[in-house]
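Peer 1: Counted from 1, the sequence shown has number 116 at position 116 by UniProt numbering; the numbering is strictly sequential.
In this text, a Cβ means the ideal position worked out from N, Cα and C, and glycines have one as well.
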Amino acid sequence: MYKINNKEFPCNTSLTMKFIGGKWKAVILIHLFDKKRYSELRKEIPMVTERTLSLQLKELEEDGLITRSVFSTKPPLKVEYELTALGKTLIPLLNEISNWGKFIAEKHLKIKIEPCITNVKS
1 MYKINNKEFP
11 CNTSLTMKFI
21 GGKWKAVILI
31 HLFDKKRYSE
41 LRKEIPMVTE
51 RTLSLQLKEL
61 EEDGLITRSV
71 FSTKPPLKVE
81 YELTALGKTL
91 IPLLNEISNW
101 GKFIAEKHLK
111 IKIEPCITNV
121 KS
């Protein structure tokens, strides 16, 4: 049993899910394979509410998986997000999660589902 910041994790898998679990974190991380502005993320993931997107981005930043850069050259502020070196270590895992989702959709559920992004990195 691991205890980090007063939260208990029974194994390394549960600890991993603390970082990428939930409905939107993995989706957001996949969209951040390339640097993105907040407005671009909103357009690319329209199903997520602004509040949820903001909260998830904040958590991902606090966990050290993404960086937030603010450019205040002129209003409105330009805010960009990108994966950190630690966040980039998740790329192979996120690609495999995406591949498994495609497999389960096609083979088990017999449906065709679109990938989150089409320009997947390795």
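Relative to the C-alpha of Asn-99, which residue among Lys-35, Ile-30, Glu-82 is closest?
Peer 2: Closest option to Asn-99, Cα to Cα, is Ile-30.
Peer 1: Under 8 Å: do the stretch 44-54 and the stretch 5-20 share three or more Cβ pairs, one atom per stretch?
Peer 2: Contact fails: fewer than three Cβ-Cβ distances are below 8 Å.
Peer 1: Classify Ser-33: buried if its beta carbon has 16 or more other beta carbons within 10 angstroms, exposed otherwise.
Peer 2: The question names Ser, but residue 33 is Phe in the sequence shown. By the 10 Å Cβ count, Phe-33 comes out buried.
Peer 1: Taking the DSSP output, what are the residues bridged to Leu-41?
Peer 2: Per DSSP, none; premise fails for Leu-41.
Peer 1: Tell me which residues share the same chain as Ala-26 and place their Cβ nearer than 7 Å to its Cβ, disregarding the 5 neighbours each side in the sequence.
Peer 2: Ile-20, Leu-94, Ile-97.
Peer 1: Along the chain, which unbroken stretches of the beta strand (DSSP E) at least 3 residues long are found entirely within the stretch 8-76?
Peer 2: Listed in chain order, they are 66-71.
Peer 1: Contact between the stretch 64-73 and the stretch 86-93: three or more CB pairs below 8 Å?
Peer 2: Short answer: they touch.
Peer 1: In this structure, how does DSSP classify Glu-106 when only helix, strand and coil are distinguished?
Peer 2: In this structure, Glu-106 counts as helix in the three-state DSSP scheme.
Peer 1: How is Glu-96 classed by DSSP in three states: helix, strand or coil?
Peer 2: In the structure shown, Glu-96 sits in a helix (DSSP, three-state: H, G or I).
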